[in-house]
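In the working numbering, the protein residues as written are 1 to 284.
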């Protein structure tokens, strides 16, 4: 016959579960349970002082289920702890509404990222499918930009003026990839002088969240040409555009737009660089 203390000890053990058993019962990672312990979210019912083994009781199952439910809603640990510190329906409602608003903001952020990805894929596909050295007449809508108006030598590294543009306009550096342009002024174009730029700018997208001064490249008819190379190779192609304008009785009516569609930000292969030149025109 077993002694009464032994029977009582056996009954007690039936109510206690090791961390491994709890992990299996609730389909939870043991590291997660240890993290919950360290964070003060779910302390074991008992911890063996000699071995350090953690034991959980059936009384903690309801708390574990609540934790799993709230974590499935992506609720942060700090908020769940807040709930258990003042466990009632008002607290739960407040936390659920907070989480609902956070998820709404996350969804908006992900939607913006999705639109930027879609647009960038379209732009990159368009650049890769470029018909090089072909002059085209196009009509382009008004485009919002952030720009730095200063004289820039053709030989100058554009990275410094880019940082100045970023600082002055409170821009995020990640906005720059593939969207930086420079301009040659109308006066320089008419003099066929292509040794410098009148300004540097970033083409803005709605998803950039830019809140600075509104500046635009105005809607206009443009002549454009794409070529394999960088800004330093532009002179020859400006000459082609200007000669075409003379032959077709077109007049330059503004500064050029010069954008590297594919450059060192996209590839180490300089043979894949593509730059586009745009000159606004009107009939003479």
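Using N, Cα and C, we set each Cβ at its ideal position, and we do this for glycine too. Predicted model only: the values in this text are computed from it and were never measured.
By DSSP's assignment, residue 196 forms a beta bridge with 153.
In the three-state DSSP reduction, residue 237 falls in the helix class (H, G or I). Apart from the 5 residues on each side of it in sequence, residue 82 sits with its Cβ closer than 8 angstroms to the Cβ of 91, 95 in its chain, given in chain order.
In this structure, the CA atom of residue 114 is about 21 angstroms from the CA atom of residue 74. Setting aside the 5 residues that flank it on each side, residue 259 is surrounded in the same chain by 181, 276, each with a C-beta closer than 6 angstroms to its C-beta; the list follows chain order.
Proximity of the stretch 247-259 to the stretch 183-194 meets the contact definition, three or more beta-carbon pairs being nearer than 8 angstroms.
With fewer than 16 other Cβ atoms from the protein chains shown falling within 10 Å of its own Cβ, residue 138 counts as exposed. Residue range 257-262 is occupied by the beta strand (DSSP E) that includes residue 259. By the Cβ neighbour-count rule, residue 262 is buried, with 16 or more other Cβ atoms within 10 Å of its own. DSSP places residue 124 in the uninterrupted alpha helix (DSSP H) bounded by 89-128. The shortest CA-to-CA distance from residue 208 to any of 238, 144, 161 is the one to 144. Check the Cα spacing between residue 223 and each of 213, 253, 211, 230: the tightest is with 253.
Judged by DSSP in its simplified three-state form, residue 161 adopts helix. Annotation: the stretch 20-67 contains the following complete segments of the alpha helix (DSSP H) (minimum length 4 residues), in chain order: 30-39. Of the candidates 165, 68, 22, 165 places its Cα closest to the Cα of residue 150. Under the criterion of beta carbons closer than 8 angstroms, residue 189 and residue 238 qualify as touching, at roughly 7 angstroms. Separation of the CB atoms of residue 232 and residue 162 is rounded to 16 angstroms, and the pair is thereby denied contact status at 8 angstroms.
Put simply, of 268, 234, 235, 279 the residue whose alpha carbon is nearest the alpha carbon of residue 250 is 279.
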